[in-house]
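These notes concern the structure reproduced below.
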Amino acid sequence: MSRIEDLSTFNDVRERGVAKLLPGVPRIAVGMGTCGRGNGAEGVYHALAERISYYGMDVQLVGTGCFGPCSEEPLVNVFIPGQPLVILRRVQASDADRILSAITTGHVPAELAWCKVEDWDHVTAHFKYGHGYPELPDWRDIPFFAGQKKIVLRNCGVINPDDIEEYIGVGGYQALYKVLIDGRPESVIEQIKAAKLRGRGGAGYLTGLKWDFMAKARDVEKYVICNADEGDPGAYMNRNEIESDPHALLEGIIIGGYVMKSTKGIIYVRSEYPLAVHRLERAIEQARQYGLLGVKILDRPFDFDIELVEGAGAFVCGEETALIASLEGQAGRPRPRPPFPAEQGLFGRPTNINNVETWYNVPPIIIKGPAWFTETGSARSAGTKVFSLVGKVRNTGLVEMPLGTPLKTFVYGIGGGGAPGRSIKAVQTGGPSGGCIPQEMFDTPVDYETLAQLGSIMGSGGMVVMDEDNCMVDVARYFIEFTHSESCGKCVPCRVGLDVSLKILDDFTTGKGTAAQLDQIVELGRMIRDTSLCGLGQSAPNPVLTTMRHFRHEFEDHMIAKRCRAGVCGSLALSPCENSCPLHMNIPRFLALLKQNRLEDAFESVVMDNPLPASTGRVCQHPCDNRCRRQTIDEAVNMREVHRFIADAIYQSDRFDALAARVVARKLPATGYRMAVAGAGPTGLTAAFYLALLGHQVTVYDGKPEAGGMLRYALPEYRLPKAVLAKEIEMIARLGVQFVFNTRIGFDLSLNDLGSSHDVVFISIGTWKESWVHLPGTELKGVMPALPLLEAVSRGEAPPLGRKVLIIGGGNAAVDAARTARRHGAEAAIVYRRERKDMPAIAEEVHAAEQEGVKIVFLAAPHRILGDGEGNVKALEVVRTRLGEYDRSGRRKPVSTGEVIRMDCDAVVLAVGETVDADFCRASGFSLTEGGTLVVDRFTLETSRPNFYAGGDVISGASNVSNAMGYGKKAARIIDERLMGAGRLAQVLPGFDYVPRAPDQLSSARRHETAVLPAAERAQSVEEVAIGLSAACALEEARRCLHCDARG
Amino acid sequence: MPEAGQKKVSIRIDGELVQLPASHTILQAAAMAGRFIPTLCHFDGLADAGACRLCVVEVSGVARLLPACTTPVQEGMSVVTDSPKLAAYRRMILELLLAERNHVCAVCVSNGHCELQNLAAQLGVASVRYPYRYPKLPVDLSHPRFVLDQNRCILCSRCVRVCASVEGAHVWNVMSRGIHSMVVADLNDPWGDASSCTGCGKCVNACPTGALSEKGQAVEEMMKNTAQLVTIAMRKAVRA
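Protein chains in written order, with this note's numbering: chain A, 1 to 1048; chain B, 1049 to 1288.
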């Protein structure tokens, strides 16, 4: 330990530091930040230490800070002389032996190795480790690190934060040395100004200007303060910076002290950061020993010392005037500005306050110059910013990116996108003072101005990613609850305004919100923002104002439909599965009834919730699976197959008539109202079922010869046997529903005619128009859309497919067409422009198709169709694509590579999506959207004409069977409410002697899948592929339910 | 506070030209121009807290609203003291105050002499759109001469400031934070046990509502002697 007094002593220390970082023996560094420790890094460290001493190995073992990727902790980096530095991830104490034995042979354990670092830019120094390990990716090639530029985090996770010599070894305190030798503080301020460094605490004020004011202020005492009172939920940038590299902070502050002619520095740090406090204390002590703090720093005429003050954890103390009050021993309440701290701050003296990260940027700017600094970042926001990327992304952690990087790079690039099957909805930036930016705006560059325009702020760098499981009303409520409890109470708008806002949001999350409150909360938010005393109050309404701006429909859902789509607001949903089901089936109830061996009750429960239980049990997209909480243990309960089992068990038994009679007996007395349902698809059938139950006289009109719509005419027999569907339609007919077939609405019978002969008309026509691909060659013989093909097959016709069929598309229709082609003896291949995970088709169906010999060509887009000169299809030319930028759907956009492949074929099936053909509605005076769907009120399903309602694909565009049926059920409820008053549907639905209760014992069974016919057998027949669950398996599935519907 | 011979600046208050020393605030300038800006936490002679936010005004060229009580005048400033937006915000602030605690005037000692009540009437607050909170807060009757009724307190902190800077006793302070904030004597002692209290009654006269009153006063009887207190406070402020 020696005081550094001149260049030679400085260089001595530096060389000692370099020798520690690049020793002649292997060096193992364990990431020992709070994050690493929380994941067991201490155990790893002690295990390594114990084994090293046991074997008597010559290995250097140190602790470092954090390297950034939280989801991969604990991290260990290993350096063997001459080789690259290797980052090991998810290391456990039990890996110690494995690591050490690999090292003795000059290797690293392959299972743990993640990436390598051949050279590292410390900004203030450049380290070359060595070349090698060709099998390991370079750290920059790992998606999490791609595009990151580490200026603030230049040393984090690499050096030992408890050793000042390592910091000096990587060029630390060099900037201080330079500044003190130069002795021209004003030129330093000019450099900071030229670098356009802006305050990293959130407000983004130019640091150089602030320093200039302070430098010019004259007083006997001036204070330089570092604000390390990081309190945003989900933000931990400053904690990690301090824990990993405390000396860089000290160096920045000491330089600031010199430049602004202050002798006293204060670091105001949260006491909730004990490790950061501990490391800072050590760092300050070491800096004093080395003559970098105290009197005559570096033997120059400059005295400066730093005091550490622990804050008591009030969020408002991040506000500079409240922080000053707290330092003075007063309660942390802000004061009006002016006077600004640069004039009258701590104890009335000139005071400068900067955020932790701002200070970290100071030494690099001095060493590399302002021009180097402004190379990074956007025009008005220079440099980088550290963000804590958390929430619903695969990769979480601390990332340092150039300012101006688009949000989508954070979410999809670095973050790796959302969890499988979940779509990302928004990003919340700036913590409780920030706002939510919706997914449609992910092109937004992250810089101070752009975020502010969107009503959010950069803040200190918290970035919380939210997906469809997050309720935006709840998010707004959460942040208001936070600022409400952290408000100091001094000014009225913040103190009382936030209290009222919180009450209103409470009302919304419990379904009690009103339209007046919706306006009130915006009005209040604006008032609080515009009139509050300090930054806390001025920014507190941001989460509400931005969610109201971008997610107003979610507030309306809570208010009007009393629904929380995300299933977060507990009092608005029975269970996650029920909430996700468009029909809102009481799933836990039928599972429990089956479990109690009450099959008939279970059937009644199922069929009264869903009039097509056997059909949906086969072909539903089962959104419930995705939400099932059983997934947190193993896999979702196979709810769809259980209700299929229940329905099949009754339909195939002699109890069908008795149970159908039980349903018919629930019918209410005749109301006298006559209703027309246009379209006998799932939407229309569902509406007819409930309307008939409610006592109305229902007639269903359809252009086809039989009922069922897409279920009947588009779904192949092997997925949904016609006999099953017929049984369900029979049940509906027994309720007295009349059917009029072969009558196309708008052609054979006009909507006006229907309207004049009925009290209410419900329009539920489907999407029968196949989208056409505009390709050269689509006029050739053998090019056909998927729907007419499937329809022809359902009528028993044999389509002219030839020997080899190519199907363009990636949805269910494409897969159905391919599997149908196989059953007609053709070879079938699907051409899809994206990757497997992007296919909209049900994954199980894709899997089954492949088993049956269907080939799928991914990343290929159709280019043109070639003919044989006689007008017949001969081949399809496709262009190879690669995945480019992320588009608005959160998927990567296919881009042409220019490589064209020719695929010979006899037929081309176009399955690129279906649209509704609702043009005839326009003639009857209905309003249509640009996409050609009918305009309806989102909540009441009323069209632009009175007594005409619409639901299903005709308003939503092509969707799926459960969504379609959901509209039918909702329409029936609303139509009945309008005519007869509220609550009658609930009256029709049966009650059961059933008390929701969580299972006493957790079933250990894994998910049961339906049995299927062998692939070789089924490709030759039209037999149903999925056989269904056995009674024993269905019962076990029912036992697996956790009963989220249980309360209390 | 103004010093003799200090540089004067010219500003416009609602278009009217006013000249006054640079150390003055917009609120003082408005008073000179005869323009009314509502305030509750401001008290002549006491340092301003900027707590009630009623005095926010629009200043041309400044995007944010500025509190008149703590913003010093600047050469060329052009201030708008009233606008539909300001009026709406001020009414909302008063409504929030009225909803926060129990302000049922009919049974209040200060009825008819209450600054909150007067302002509400003047700014046209006919009803409160927010749910009344009506927290059950204590009434401190422990002092031999005075009463502290927390239910009427609007946390303007005039009592805190007058006691500290004029009387120099530092009896009052604000405890807790946010909506739970409360004025307390000494270390949250009953007022009667507060050893620092001199019993001067300045806090009572500074209080804009019925939160602090003299014992023995019935409904409508509590009249505050603000004029005398302002004189004392101003004299003290000049000396400081």
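The C-beta atom is built at its ideal place from N, Cα and C for all residues, glycine as well.
- Burial check for A/Arg630: the Cβ neighbour count within 10 Å reaches 16 or more, so the residue is buried.
- Between the region 729-743 of chain A and the region 678-693 of chain A there are three or more inter-stretch CB-CB distances shorter than 8 Å, so the stretches are counted as touching.
- Taking 8 Å as the CB threshold, B/Asp1096 lines the interface with chain A.
- When C-beta distances to chain B are compared with 7 Å, every residue of the region 435-459 of chain A stays at or above that value.
- Taking 8 Å as the threshold, the shortest C-beta distance from B/Ile1227 to chain A falls below it.
- Rounded to the nearest whole angstrom, the C-alpha separation of A/Asp887 and A/Phe442 is 9 Å.
- At a cut-off of 8 Å between beta carbons, A/Ser326 makes no contact with chain B.
- Contact annotation: in the region 512-534 of chain A, residues whose CB is within less than 8 Å of a CB in chain B are Gln520, Glu523, Leu524, Met527, Asp530, Thr531, Ser532, Leu533.
- Cα atoms of A/Cys581 and B/Arg1177: separation of roughly 38 Å, rounded to the nearest angstrom.
- Chain order gives the chain A residues near B/Leu1145 as Val492, Val496, where near means a beta carbon separation below 9 Å.
- Distance between A/Thr671 and A/Leu985, taken at the CA atoms: about 14 Å.
- Its chain contains Arg880, Arg882 as the residues whose beta carbon lies nearer than 6 Å to that of A/Thr897, once the 5 sequence neighbours on both sides are disregarded; these appear in chain order.
- A/Glu827: member of the beta strand (DSSP E) spanning 827-831, first to last residue.
- Contact between the region 423-430 of chain A and the region 458-469 of chain A is established, with three or more Cβ pairs separated by less than 8 Å.
- The Cβ-Cβ distance between A/Arg823 and A/Tyr718 falls below 8 Å.
- Taking 8 Å as the CB threshold, B/Val1104 lines the interface with chain A.
- Sequence-distant Cβ neighbours of A/Ile142 in its own chain, meaning closer than 6 Å and more than five residues away, are Cys115.
- Put simply, the CB of B/Thr1129 is far from chain A, with every gap to its CB atoms at 8 Å or more.
- For the pair A/Phe762 and A/Ala918, the Cα-to-Cα distance works out to about 14 Å.
- As computed with DSSP, A/Tyr268 is found in a beta bridge with A/Asn227, A/Val309.
- The C-beta of A/Gly489 comes closer than 8 Å to at least one C-beta of chain B.
- When DSSP reads this structure, A/His126 sits in a beta bridge with A/Asp121.
- A/Pro338 belongs to the set of residues whose beta carbon lies under 8 Å from a beta carbon in chain B.
- Going by beta carbons, A/Trp120 and A/Val152 fall outside the 8 Å limit.
- A/Arg98 and A/Ile253 have their C-alpha atoms spaced approximately 43 Å apart.
- Between A/Val295 and B/Ile1141, the gap from beta carbon to beta carbon reaches 8 Å or more.
- A/Ala875 carries a strand assignment under DSSP once its states are collapsed to helix, strand and coil.
- For A/Lys837, no beta strand (DSSP E) encloses it, and the DSSP letter there is neither H nor E.
- Assigned with DSSP and collapsed to three states, A/Ala986 falls in helix.
- Under the three-pair Cβ rule at 8 Å, the region 1102-1121 of chain B does not count as touching the region 1035-1043 of chain A.
- Exclusion of the five residues before and after A/Tyr129 leaves Leu22, Phe79, Gln83, Pro84, Leu85, Val117, Glu118, Asp119, Trp120 as the residues of its chain whose Cβ lies within less than 8 Å of its Cβ.
- C-alpha of A/Glu166 to C-alpha of A/Glu15: approximately 9 Å in a straight line.
- A/Val170 is not a Cβ neighbour of A/Asn160, given a cutoff of 8 Å.
- Taking all protein chains in view, the Cβ of A/Gln987 is surrounded by fewer than 16 other Cβ atoms within 10 Å, so the residue is classified as exposed.
- The beta-carbon of A/Val500 is placed less than 8 Å from the nearest beta-carbon of chain B.
- A straight line joining the alpha-carbon of A/Phe992 with that of A/Ser605 spans about 8 Å.
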